[in-house]
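>
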Amino acid sequence: TGWKSNDWVLSNDAGAAPLVGNEPIGDEFGFVFDVRLKEDSGAPLVQIGGLDLAIDRTDPTLKELLEETGKWNRFEGSLKAARLTISVNGKPWQTDLPISVPLRTPSVWKFVPAGPTDWANPYLRKLED
(Lines of atoms letter the chains of each structure in order from A and count residues from 1; the text may use other names and numbers.)
(Lines give C-alpha, C1' and ligand atoms only; values in the text may rest on other atoms or scores of the structure.)
Protein backbone atom coordinates (compact mmCIF):
# COMPACT_ATOMS: atom_id res chain seq x y z
CA THR A 1 0.00 0.00 0.00
CA GLY A 2 3.03 2.33 0.10
CA TRP A 3 3.12 2.82 3.90
CA LYS A 4 5.93 2.07 6.39
CA SER A 5 6.04 2.27 10.18
CA ASN A 6 9.25 3.10 12.01
CA ASP A 7 9.73 4.40 15.56
CA TRP A 8 6.10 5.61 15.94
CA VAL A 9 6.11 7.38 12.55
CA LEU A 10 3.90 6.34 9.62
CA SER A 11 5.55 7.25 6.33
CA ASN A 12 4.01 7.02 2.89
CA ASP A 13 5.66 6.89 -0.50
CA ALA A 14 4.43 8.80 -3.54
CA GLY A 15 1.34 7.08 -4.91
CA ALA A 16 0.47 5.37 -1.61
CA ALA A 17 -3.12 4.32 -1.04
CA PRO A 18 -5.07 6.18 1.66
CA LEU A 19 -4.66 4.97 5.24
CA VAL A 20 -8.09 4.40 6.79
CA GLY A 21 -9.35 4.02 10.35
CA ASN A 22 -12.92 2.80 10.48
CA GLU A 23 -14.15 2.57 14.05
CA PRO A 24 -17.25 4.82 14.24
CA ILE A 25 -17.35 7.05 17.32
CA GLY A 26 -20.37 9.28 16.72
CA ASP A 27 -20.98 12.81 15.49
CA GLU A 28 -19.03 14.67 18.20
CA PHE A 29 -15.35 13.94 18.60
CA GLY A 30 -11.91 15.37 19.26
CA PHE A 31 -8.79 14.54 17.27
CA VAL A 32 -5.06 15.10 17.07
CA PHE A 33 -2.38 14.12 14.58
CA ASP A 34 1.12 15.24 13.63
CA VAL A 35 2.37 15.64 10.08
CA ARG A 36 5.82 16.38 8.66
CA LEU A 37 5.73 17.69 5.11
CA LYS A 38 8.58 17.14 2.67
CA GLU A 39 9.51 19.19 -0.39
CA ASP A 40 7.46 16.91 -2.64
CA SER A 41 4.57 16.16 -0.24
CA GLY A 42 2.06 18.15 -2.26
CA ALA A 43 -1.16 18.94 -0.35
CA PRO A 44 -2.15 15.78 1.53
CA LEU A 45 -5.78 15.44 2.48
CA VAL A 46 -7.10 14.42 5.88
CA GLN A 47 -10.69 13.23 6.05
CA ILE A 48 -12.17 13.25 9.54
CA GLY A 49 -15.75 12.10 9.88
CA GLY A 50 -16.32 12.96 6.24
CA LEU A 51 -14.76 16.44 6.43
CA ASP A 52 -12.02 17.07 3.87
CA LEU A 53 -9.07 19.07 5.20
CA ALA A 54 -6.26 19.86 2.75
CA ILE A 55 -2.85 20.50 4.29
CA ASP A 56 -1.96 22.97 1.58
CA ARG A 57 1.13 25.13 2.05
CA THR A 58 -0.23 27.61 -0.51
CA ASP A 59 -3.38 28.30 1.55
CA PRO A 60 -2.90 31.90 2.78
CA THR A 61 -4.12 31.23 6.32
CA LEU A 62 -2.61 27.80 6.83
CA LYS A 63 0.86 28.66 5.49
CA GLU A 64 1.28 31.19 8.33
CA LEU A 65 0.66 28.44 10.91
CA LEU A 66 2.79 25.65 9.46
CA GLU A 67 6.39 25.04 10.45
CA GLU A 68 9.00 25.04 7.70
CA THR A 69 9.28 21.99 5.47
CA GLY A 70 10.80 19.03 7.31
CA LYS A 71 9.48 19.99 10.78
CA TRP A 72 6.52 18.48 12.62
CA ASN A 73 3.12 20.19 12.70
CA ARG A 74 0.44 19.31 15.25
CA PHE A 75 -3.23 19.48 14.27
CA GLU A 76 -5.78 19.38 17.12
CA GLY A 77 -9.49 19.88 16.91
CA SER A 78 -13.03 18.95 17.71
CA LEU A 79 -16.40 18.66 16.09
CA LYS A 80 -19.22 19.50 18.48
CA ALA A 81 -22.81 20.56 17.75
CA ALA A 82 -21.97 20.54 13.99
CA ARG A 83 -19.18 23.11 14.52
CA LEU A 84 -15.54 22.44 13.70
CA THR A 85 -12.59 23.97 15.55
CA ILE A 86 -8.98 23.21 14.54
CA SER A 87 -5.64 24.54 15.74
CA VAL A 88 -2.29 24.08 14.04
CA ASN A 89 0.78 24.18 16.26
CA GLY A 90 -1.36 25.67 19.04
CA LYS A 91 -2.73 28.53 16.90
CA PRO A 92 -6.34 28.72 15.65
CA TRP A 93 -6.93 27.72 12.03
CA GLN A 94 -10.68 27.05 11.85
CA THR A 95 -12.84 28.30 14.73
CA ASP A 96 -16.47 27.35 15.26
CA LEU A 97 -16.91 26.64 11.55
CA PRO A 98 -20.48 25.43 10.84
CA ILE A 99 -20.54 22.04 9.13
CA SER A 100 -23.62 21.29 7.08
CA VAL A 101 -22.56 18.06 5.37
CA PRO A 102 -23.72 14.83 6.98
CA LEU A 103 -20.87 12.85 8.48
CA ARG A 104 -19.85 9.65 6.70
CA THR A 105 -19.39 7.19 9.54
CA PRO A 106 -18.04 4.11 7.71
CA SER A 107 -14.65 5.81 7.40
CA VAL A 108 -14.03 7.87 10.52
CA TRP A 109 -10.61 9.13 9.43
CA LYS A 110 -8.44 8.81 6.39
CA PHE A 111 -4.97 10.11 5.46
CA VAL A 112 -4.85 10.67 1.69
CA PRO A 113 -1.26 11.35 0.58
CA ALA A 114 -0.36 13.61 -2.34
CA GLY A 115 3.34 12.71 -2.14
CA PRO A 116 5.84 11.43 0.45
CA THR A 117 4.72 12.53 3.94
CA ASP A 118 5.35 11.49 7.56
CA TRP A 119 2.45 11.12 10.03
CA ALA A 120 2.46 10.44 13.77
CA ASN A 121 0.22 10.21 16.81
CA PRO A 122 -3.22 9.94 15.15
CA TYR A 123 -5.83 9.95 17.90
CA LEU A 124 -9.60 10.26 17.72
CA ARG A 125 -11.91 10.27 20.74
CA LYS A 126 -15.60 10.58 21.39
CA LEU A 127 -16.51 13.76 23.26
CA GLU A 128 -18.32 13.18 26.52
CA ASP A 129 -21.87 14.49 26.89
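In this note's numbering, the protein residues as written are 25 to 153. The beta carbon of each residue, even a glycine, is placed where N, CA and C say it ideally should be.
In its own chain, which residues sit with a C-beta less than 8 Å from the C-beta of Ala-105, not counting the 5 before and 5 after it?
Here the set comprises Glu-52.
> Do the CB positions of Arg-81 and Leu-89 come within less than 8 Å of each other?
Cβ distance not < 8 Å, so Arg-81 and Leu-89 don't count as in contact.
> Where Gln-118 and Thr-25 are concerned, what is the direct C-alpha to C-alpha distance, given to the nearest angstrom?
Answer to the nearest angstrom: the Cα atoms are 31 Å apart.
> For Leu-151, which residues from the same chain have a beta carbon less than 7 Å from its beta carbon, with the 5 sequence-adjacent residues on both sides left out?
Correct list, in chain order: Glu-52, Phe-53, Gly-54, Ser-102, Lys-104.
> Buried or exposed: Pro-137, going by 16 or more other Cβ atoms within 10 Å of its Cβ?
With 16 or more Cβ atoms within 10 Å of its Cβ, Pro-137 is classed as buried.
> I'd like the span of the beta strand (DSSP E) that includes Glu-100, first residue to last.
Note, Glu-100: beta strand (DSSP E), 96 to 104.
> Put Leu-151 into one of helix, strand or coil per three-state DSSP.
Residue state, collapsed to three classes: coil.
> To the nearest angstrom, report how far apart Thr-141 and Asp-76 are at their CA atoms.
Approximately 17 Å, taken between the alpha carbons.
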